[in-house]
Amino acid sequence: MSEENVEIVRAAYAAFAEGTIDDVIEGLDADVEMIGAVGGLEDGEVVRGRDAVARELLPDSSVWAERRYEVQKFIDADDRVVALVHEHRRGSNSGVEVGVDMAFINSFKGHKVACIEPFMRQSDALEAAGLSE
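Here's what the structure looks like:
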C-alpha cells in the first residue's frame, strides 16, 4: 500500500501545480488535519476538514501573486509519505521572490491523506518520520 500512498501524494502535488484544487481535495480524508508548519509562523495551529485545508493550501492573493512547490523527492515511510519540496513565492505588490526548502509529512487513513505536517526544515521532517538523509 505504501507505493500507492506515494502515487496519491504525487497526484495531489500535480493537481496543485495545475491549479485543480478539487483534485487535491479528492485525496483528503473528510476529517483531514493540517498542522501549522513546524518552525514557521503558524507552528502549533491546526486546520481541520477538507475545505479548510484546501483554503490553507491556496496562496493568500492579497499577499502572494504566486506560490508553487517544486518536488525534490517523495519518500515512502510506511503509512506516511514525506515530500521534500522547494517552495517558491512571489509577493503580489512588491514582486519580491522568496524560496525555501521544506518538507511535508502526509499521514494516511486508508487511501486518503488524514494529516499534513509541514516542516520549515527538511531535516526536522526526516527526523520526525524516523528517517535520516
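Everything in the sequence shown is counted per my numbering, starting at 1 for the first residue and increasing by one.
No residue lacks a Cβ here, since even glycine has one placed at the ideal position from N, Cα and C.
Check: Beta bridge counterpart(s) of Glu-70 as assigned by DSSP; Outcome: His-86
Check: Cut-off 8 Å between Cβ atoms - residues of its own chain near Glu-4, not counting five sequence neighbours on either side; Outcome: His-111
Check: Span of the alpha helix (DSSP H) around Arg-48; Outcome: Looking at the DSSP string, Arg-48 is not in any alpha helix (DSSP H); the run it does join, the beta strand (DSSP E), is 46-48.
Check: Contact check, Val-113 vs Asn-106, beta carbons under 8 Å; Outcome: yes
Check: Own chain, CB closer than 6 Å to Ile-75, minus 5 neighbours either side, in chain order; Outcome: Val-82
Check: Reference Ser-92; option with closest CA among Leu-126, Val-63, Ala-103, Asp-79; Outcome: Val-63
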